[in-house]
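A.B. asks: Going by our numbering, the first residue of the sequence shown is number 634, and it counts up by one from there.
C-beta: ideal position from N, C-alpha, C; glycine also.
This is the structure I have questions about; it appears just below.
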Amino acid sequence: MSIKKVAIIGGGAAGFFAALSAKKHFPKSEVTILEKSTKLLAKVKVSGGGRCNVTHACFQNSELAKFYPRGSKQIRKAFDQFNSEDTVNWFEARRVALKTESDNRMFPTTDDSQTIVDCLMSEARKLNVHISLSSPVIKIKSSSSGFELTLKNGIEVFDKVIVASGGSPKEEGFLWLKELGHDIIPPVPSLFTFNMPKESIKSLMGLSVTNASVRVQSTKLIQSGPLLITHWGMSGPAVLKTSAWGARVLNDMGYQFNIHVNWLGQVKEQELRDILQDVMNSFGKRMLRNHNPFEMPQRLWEHLVHKVDLPLEKLWSELGKKGVNKLLNLLLNDQYTVSGKTTFKEEFVTCGGVSLANVDFKTMESRVCPGLYFAGEVLDIDGVTGGFNFQAAWTTGFIAGKSVG
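In structure tokens form, the structure reads like this:
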């Protein structure tokens, strides 16, 4: 039998992992990564602030799948073949040790994404994976002899093709896959921060609280976690998770909506009433300014007290019923107007892409175009922030690669 020629379209995380898996499972095959730009693994390099959040320390497949707003059911089945524990073992077998941070995100112990890039590049060299840069695929055509790929320098024929070309902000970016018969779910941004041009809280940029909850008015969207105040509005996991789960809803709202922030996370009204009563009884002779009973930065506490027109010099014992209600409403239900969004760092993530109904997740093979496989963000799968999008890339890439034989 002739050596199978496999083309991998895309030199990112999913593409590399697919190439390595294909070579590992079928050593005699000829595997070529076709990358349209001059850079390989660009997102790996910049992710996690240049540290690369490789995966998440969640080792139960059913729990891990819950972090994917889209594709949860399909990725859950895929994790039976390659999950976060397999990712850790794969890198550690290649002498890349990973560490787990307090929020369960996993990074290389070097805190340097170059470690991950070097590991993948070194493995590709070792397995003799061909890499072709500045090689955009202009057209793809299925034929009796395999797939004809139109490249800059002419047409090349491959037996199998793995598409790992990543997400696209516009539907036109998927046109070539649509022409092969695939259904495309229109892409919209996921994982973005909230712009609040008219809100004075921006003056506190850089401050954060460890656990807040964010609810989008007139929707069912609510998420909790650390919240960061930025010079354009709000970010941090509570906001990013809200944007991921609400990607389509918030897009439909034109990114103009109100949010309600509970600065104390899960604390409910009666519980807070009791806390405030205790403070008034025990610290009544102290001024509001001098006794901040909550684990939040002092500048934020003063800003919030000022927001409800309570003098910072007021004594806790003089707060009265009206003052208690003002504080209560503010801490549990503080309202802000969001007008627009900003991409979260360089970690551009979209929801949308190739419809999951078009793909067999046991093999990652297209149901409408046999011999064509998918991996990574080109699919309508996306995770919240925390290493989940990389895990989806490793998983789908691994399965696609081992299925091309």
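Throw me the rounded Cβ distance for the V664 and H763 pair, which I believe falls under 8 Å.
C.D. replies: Taking the first residue of the sequence shown as 1, we reach residue 664 at position 31. Taking the first residue of the sequence shown as 1, we reach residue 763 at position 130. In this structure V664 is in contact with H763, their Cβ atoms being roughly 7 Å apart against a cut-off of 8 Å.
A.B. asks: Along the chain, where does the beta strand (DSSP E) that runs through Q707 open and close?
C.D. replies: Walking along the sequence shown from the start, residue 707 turns up at place 74. It is not in any beta strand (DSSP E) - Q707 instead sits in the alpha helix (DSSP H) that spans 705-711.
A.B. asks: Name the two residues that bound the continuous alpha helix (DSSP H) containing Q856.
C.D. replies: Here residue 856 is taken as the residue at index 223 of the sequence shown, counted from 1. Run containing Q856: none in the alpha helix (DSSP H); it sits in the beta strand (DSSP E), 855-862.
A.B. asks: Do L824 and D942 come within 9 Å of each other at the CB atom, strictly closer than that value?
C.D. replies: Residue mapping note: residue 942 aligns to position 309 of the sequence shown, counting from 1. Residue mapping note: residue 824 aligns to position 191 of the sequence shown, counting from 1. Cβ distance not < 9 Å, so D942 and L824 don't count as in contact.
A.B. asks: Which residues share a DSSP beta bridge with D967?
C.D. replies: As a first step, residue 967 is located in the sequence shown; it is residue number 334 there, counting from the start. Note: D967 sits in a beta bridge opposite V894.
A.B. asks: Per DSSP, what are the beta-bridge partners of N828 in this structure?
C.D. replies: Within the sequence shown, the letter at position 195 stands for residue 828. G866.
A.B. asks: Taking buried to mean at least 16 other C-beta atoms within 10 Å of its own C-beta, is L766 buried or exposed?
C.D. replies: Stepping through the sequence shown from its first residue, residue 766 is reached at position 133. Exposed.
A.B. asks: With a cut-off of 8 Å on the beta carbons, I'd call M838 and T875 a contact; round off their distance for me.
C.D. replies: Here the question's residue 838 lines up with position 205 in the sequence shown. Here the question's residue 875 lines up with position 242 in the sequence shown. Not confirmed; about 19 Å, so no contact.
A.B. asks: According to DSSP, is I908 helix, strand or coil?
C.D. replies: Taking the sequence shown and counting its residues from 1, the one referred to as residue 908 is at position 275. In this structure, I908 counts as helix in the three-state DSSP scheme.
A.B. asks: Taking only the alpha-carbon atoms, compute the straight-line gap between L933 and P822 and give it to the nearest angstrom.
C.D. replies: Numbered from its first residue, the sequence shown carries residue 933 at position 300. Numbered from its first residue, the sequence shown carries residue 822 at position 189. For L933 and P822, the distance between alpha carbons rounds to 30 Å.
A.B. asks: For V687, which three-state DSSP category applies?
C.D. replies: If you number the sequence shown from 1, residue 687 lands on position 54. Correct three-state label for V687: coil.
A.B. asks: Starting from I749, trace the alpha helix (DSSP H) both ways and give me its first and last residue.
C.D. replies: As a first step, residue 749 must be located in the sequence shown, where it is residue number 116. From DSSP, the alpha helix (DSSP H) with I749 extends over 746-759.
A.B. asks: Roughly how many angstroms separate the alpha carbons of H936 and G898, rounded to a whole number?
C.D. replies: For the purposes of this step, residue 936 is identified with residue 303 of the sequence shown, where counting begins at 1. For the purposes of this step, residue 898 is identified with residue 265 of the sequence shown, where counting begins at 1. When rounded, the distance between both Cα atoms is 18 Å.
A.B. asks: Could you spell out where the beta strand (DSSP E) holding S735 opens and where it closes?
C.D. replies: Your numbering for residue 735 matches position 102 in the sequence shown. No beta strand (DSSP E) holds S735; DSSP gives it neither H nor E.
A.B. asks: Can you tell me whether DSSP reads I1032 as helix, strand or coil?
C.D. replies: As a position in the sequence shown, residue 1032 is number 399, starting the count at 1. Helix.
A.B. asks: Can you say whether L674 is buried or exposed, counting buried as having 16 or more other CB atoms within 10 angstroms of its CB?
C.D. replies: Taking the first residue of the sequence shown as position 1, residue 674 is located at position 41. So L674 ends up on the buried side.
A.B. asks: When DSSP labels each residue in this structure, what does M634 get in the three-state scheme?
C.D. replies: Residue mapping note: residue 634 aligns to position 1 of the sequence shown, counting from 1. In this prediction, M634 has a pLDDT of 49, which is less than 50 and means its spatial position is unreliable; what the coordinates show is noted afterwards. Of the three classes helix, strand and coil, the one that applies to M634 here is coil, per DSSP.
A.B. asks: What did DSSP end up calling N925 once you bin it into helix, strand or coil?
C.D. replies: Here the question's residue 925 lines up with position 292 in the sequence shown. Note: N925 maps to coil in three-state DSSP.
A.B. asks: CB-CB under 8 Å to M634, same chain, minus the five flanking residues each way: which ones, in chain order?
C.D. replies: In the sequence shown, counting from the first residue as 1, residue 634 sits at position 1. Summary for M634: the model assigns pLDDT 49, below 50, so the residue's position carries little reliability; its value from the coordinates is reported in the next sentence. For M634, where only same-chain residues beyond five positions count, there are no Cβ hits under 8 Å.
A.B. asks: May I have the straight-line CA-CA distance separating G866 from K772, to the nearest angstrom?
C.D. replies: Within the sequence shown, residue 866 is the residue found at index 233, counting from 1. Within the sequence shown, residue 772 is the residue found at index 139, counting from 1. Going from the Cα of G866 to the Cα of K772 covers about 42 Å.
A.B. asks: Between the alpha carbons of R922 and Q931, how many angstroms are there, rounded?
C.D. replies: Within the sequence shown, the letter at position 289 stands for residue 922. Within the sequence shown, the letter at position 298 stands for residue 931. Distance between the alpha carbons of R922 and Q931 is about 8 Å.
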